[in-house]
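Chains as they are written, first to last, in the numbering used here: chain A, 14 to 212; chain B, 25 to 685. Virtual Cβ for every residue (Gly too), placed ideally from N, Cα, C.
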């Protein structure tokens, strides 16, 4: 369906032709189905069905606001992606651990009445991990107190491990500015760490 | 000089990270050698970078940025490299500083790619479900679509004129407009009634013109207060007619009005006065005040609402009828009343009569009223004399008036109640027959003219538990900032980065980089430079070990290493050739340095004593650094001389450095 046909379809829908709505549904169902039902989202079958319905409902409601400045297929695609990302965020928020938690110890299920406790650490000894986390606490606090621009450039360089050229591209800054800003931010971080550690 | 410093400053971090090309590295080396402060700063920066890298490798996360769904979807619509990514640099920076957003972005990019490869199945499309049809019909029922159509320039032509016109009307909701207009009209009417300008003429004298017929303005409006004088004082005021009785007590007004009603007099009751036509003034006064006792009460000048001065009615004015037998009391002037329309006080006569002993003068407190509790009297500008029947608050016939929210009507009488507090309650019309003409109390009537406004005001929003304020709902919310999702592994980060940056025109970058570095490579042999280069900062060993990128600091040009390649690509390092020979040379150099260090340790005490300094040595990568702490402050010339002396006495090589502290 080309742009002209899409525009005509939108007009017919808005004028109130029921057949136009059916055509709209038939035209864009496969696209929406593909986006919402994409396996990497990890949605269940029911979630996919709900998602398709929601996207169509949103399409019906927002079609009067569609100005035909872009392709309708792009608009529909954007709606579907929006819905998927929103649902993904909702799901991940539900999955996140809550503030309170409980620990259940399976007493008496080990050998001869011994408690069964498993300590699994991928990072070596728990003590080591604890020490490391304590060591970096001041650093994390100092980093959080840094100005936004500094935080970003440090994150991009040392957390995201981007090259200088990549940082230049993302921040839209020349290389010299990136390098000198990074140096200033690190100096600031250094003094901040000392002040945090001192207090 | 300043420019040189800036250039050096730009190169410090790349120098520490070992990504400078050999030429620039030498420049920084020289700067460090000549400046002790710079060397110290470098060592501190090195520690910070090390700590940062270790922290991030151990799972520390920088503060995460937030990106809205719309922003992520917009950025995710990018089909090319980061260069062509839509959105602002701020959005891009936030995207790459947020693990979640970057993951979503990566998913969207992957979806985009997969969609481009896939042919959609357009065969198995189910029927449009019923709920969507309902939605559609609901949309059709509303004129929303027509509104949009009518105002869309691109689609104006196919829409008939009537539809556009109707959509225009659809946009206008008449209810608020009508409500506003009605409220405005009522407000203006109330204001008009209350604050009628004194200059506007209003009819007086004719009973038919009293009260409501403001349109026929023949004479200036007049008003008068009850006066003890024979002729009522006529002043300009807001009311039409002559005021024969003034009081803020509505119950009292009502009672007095009933007296006039019983005598078939036309009158108008406003909120604080009774008005009659000029020709009826005398008769009205007779009705209101006539009594055998002949006491007239007036107020003194003091602002004492409770002070009552009674005097004989005869002394108040010869022609005036005797005042009411009942004790009068002053209720107090209304705070809203302006001096212009405040009742005119005519107490002089009364006071004169009282002082001459012609009448009784007494002070009393007004009786308490259940239906209208006394309110504090505001300061008065003029004395006001008012009269009322004696307590209890009942008519002469014993009818008690109770506060009511409804205005009842007598047969034949018309009661109109205005709007709001400014409105006047007016009664006009003929009194029904059957009442006595002798001024006696009228017989009990089936309904009272109730002018007591209701005090039952409902306060909105103060509802009880059944409605109004909803019960607070405890909603468990968690701030994203406080959440501690499991840290993203280094592998994951690297993978995301690759996904995010996929699509960068690697060839173009590589070409550009090659062009920039070609000259450098031609100039210098790589191996000796690599051997002379300072060691890059150690990085924590992670699976996502980053590619070494060599950067030429010639203002924005990138040398070597295409930056946007996946980390799995071969490492593009400057140190590619002659690595083995470089290592050998480095070992030999370190051995020499160790020998020098041993000699210096031996000579340290003597040299230190001789030069009055404290000495410490450090050997690193084949170079010896001598840290000198003079016991006194040295001038620049002395420092230079000391450097030369130490270099000679300690036998330092050219590559060794002396750092004065």
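Would you say residue i faces chain A, with C-beta separation under 8 Å as the test?
i, result
"residue 73/B", "yes"
"residue 673/B", "no"
"residue 149/B", "yes"
"residue 79/B", "yes"
"residue 62/B", "no"
"residue 96/B", "yes"
"residue 641/B", "no"
"residue 90/B", "no"
"residue 93/B", "yes"
"residue 394/B", "In this predicted model, residue 394/B has a pLDDT of only 42, less than 50, meaning its place in the structure is not dependable; the value taken from the coordinates is given anyway. It does not; no Cβ of chain A falls within 8 Å."
"residue 42/B", "no"
"residue 18/B", "As shown, chain B starts at 25 and ends at 685. That puts residue 18/B outside it, with no answer to give."
"residue 210/B", "no"
List the endpoints of the continuous beta strand (DSSP E) containing residue i.
i, result
"residue 682/B", "681-684"
"residue 142/B", "Note, residue 142/B: premise wrong, no beta strand (DSSP E); not H, not E."
"residue 269/B", "266-270"
"residue 212/B", "Unbroken run through residue 212/B is the alpha helix (DSSP H), 198-218; no beta strand (DSSP E)."
"residue 293/B", "291-293"
"residue 653/B", "647-654"
Using three-state DSSP, classify residue i as helix, strand or coil.
i, result
"residue 73/B", "helix"
"residue 491/B", "Its pLDDT being 39, under 50, residue 491/B is placed unreliably in this model, and the value from its coordinates should be taken loosely. Three-state result, residue 491/B: coil."
"residue 44/B", "strand"
"residue 426/B", "Confidence is the limiting factor: at residue 426/B the pLDDT is only 40, short of 50, which leaves the residue's position unreliable, though a coordinate-based value still follows. The answer is coil: DSSP assigns residue 426/B none of H, G, I, E or B."
"residue 639/B", "strand"
"residue 667/B", "helix"
"residue 40/A", "helix"
"residue 644/B", "strand"
"residue 72/A", "helix"
"residue 662/B", "helix"
"residue 88/B", "coil"
"residue 7/A", "Absent from the structure is residue 7/A, since the part of chain A shown begins at 14 and ends at 212."
"residue 51/A", "coil"
"residue 120/B", "helix"
"residue 678/B", "coil"
"residue 149/B", "coil"
"residue 56/A", "coil"
"residue 82/B", "coil"
"residue 624/B", "helix"
"residue 94/A", "helix"
Please report the residue range of the alpha helix (DSSP H) in which residue i lies.
i, result
"residue 168/A", "Looking at the DSSP string, residue 168/A is not in any alpha helix (DSSP H), and its letter there is neither H nor E."
"residue 698/B", "The structure shown has nothing for residue 698/B, since chain B only spans 25 to 685."
"residue 110/B", "No alpha helix (DSSP H) contains residue 110/B, which DSSP labels as neither H nor E."
"residue 179/A", "177-184"
"residue 280/B", "274-286"
"residue 59/B", "Neither: residue 59/B is in no alpha helix (DSSP H) and is coded neither H nor E."
"residue 30/A", "Note, residue 30/A: premise wrong, no alpha helix (DSSP H); not H, not E."
"residue 98/B", "93-100"
What does residue i touch in chain B if you count any residue whose Cβ is under 8 Å from its own?
i, result
"residue 53/A", "131, 134, 135"
"residue 203/A", "68, 69, 71, 72"
Give a yes or no on whether the minimum CB-CB distance between residue i and chain B is below 8 Å.
i, result
"residue 58/A", "no"
"residue 25/A", "no"
"residue 99/A", "yes"
"residue 154/A", "no"
"residue 83/A", "no"
"residue 208/A", "no"
So residue i contacts chain B; which residues on that side make the cut at Cβ distance below 7 Å?
i, result
"residue 168/A", "86, 121"
"residue 195/A", "37"
"residue 32/A", "Within chain B, no residue comes near residue 32/A; the closest Cβ sits about 10 Å away, beyond 7 Å."
"residue 69/A", "156"
"residue 35/A", "152"
Please list the partners that residue i has in chain A, where partner means a Cβ-to-Cβ separation under 7 Å.
i, result
"residue 144/B", "43, 44, 47"
Mind listing the chain B neighbours of residue i? Cutoff is C-beta to C-beta under 9 Å, in chain order.
i, result
"residue 50/A", "Those do not exist, as residue 50/A stays about 11 Å from chain B at its closest Cβ, beyond 9 Å."
"residue 192/A", "33, 34, 35, 36, 37, 38, 575, 577"
"residue 183/A", "106, 109, 113, 116, 117, 119, 120"
"residue 15/A", "The premise fails here: residue 15/A is roughly 16 Å from chain B at the closest Cβ pair, so nothing lies under 9 Å."
"residue 200/A", "65, 68, 69, 72"
I want to verify the contact list: residues of chain A whose CB lies under 8 Å from the CB of residue i, in sequence order.
i, result
"residue 638/B", "In chain order: nothing, as chain A lies at least about 25 Å away."
If the cut is a Cβ gap below 9 Å, which residues of chain A does residue i touch?
i, result
"residue 139/B", "44, 47, 48, 51, 90"
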